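Asks: Sending over a structure as structure tokens; questions will come in a sec.
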Amino acid sequence: MDELSQEKKKAALIEGMVRRKQWSMKYKNVEDTVSKLPNREKKQALKILEELVQDGWAEYHKNEECISLKSNKRKDIREFLKEHSDMEDWMLDSLF
39 MDELSQEKKK
49 AALIEGMVRR
59 KQWSMKYKNV
69 EDTVSKLPNR
79 EKKQALKILE
89 ELVQDGWAEY
99 HKNEECISLK
109 SNKRKDIREF
119 LKEHSDMEDW
129 MLDSLF
């Protein structure tokens, strides 16, 4: 079984947040954000979330217990998903 690239994992995590409409003040608990992942992948997913915050694409809420994507970065996030995700253009258009 081949491993997903770091960019594909990042895209999958962002895609899940976009589908759940985790923008700005519609944040969700960090543990809930990664809850559907296997235990062996959760640590890496948490590192990816931290990377998103450092890159300015996401922000923590409630003492870093919750997270959401920054709505002013929608264009950058859409372009990233267009490059690294398997989502069709029409689906991206409906989510953004």
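In my numbering, the protein residues as written are 39 to 134. Just so you know, even glycine gets a beta-carbon here, dropped at the ideal spot from N, CA and C. Just so we're clear, the structure is a prediction, and the values are computed from it rather than from any experiment.
1. Use the C-beta contact count for residue 128: other C-beta atoms within 10 angstroms, 16 or more gives buried, fewer gives exposed.
2. Applying the 10 Å Cβ sphere with the 16-neighbour rule, what's the burial state of residue 55?
3. I'd like to know whether the C-beta atoms of residue 103 and residue 67 end up nearer to each other than 8 Å.
4. What three-state label does DSSP hand residue 66 in the structure shown?
5. What is the C-beta distance between residue 109 and residue 62, in whole angstroms, given that I count them as a contact (C-beta under 8 Å)?
6. Give me the residue from 132, 131, 123 with the minimum Cα distance to residue 49.
Replies: So, from the listed chains and residues:
1. Counting Cβ neighbours within 10 Å, residue 128 comes out exposed, since fewer than 16 surround it.
2. Per the 10 Å Cβ criterion, buried.
3. yes
4. strand
5. The pair is a contact, with the Cβ atoms about 5 Å apart (cut-off 8 Å).
6. From the listed residues 132, 131, 123, the smallest Cα separation to residue 49 is found for 123.
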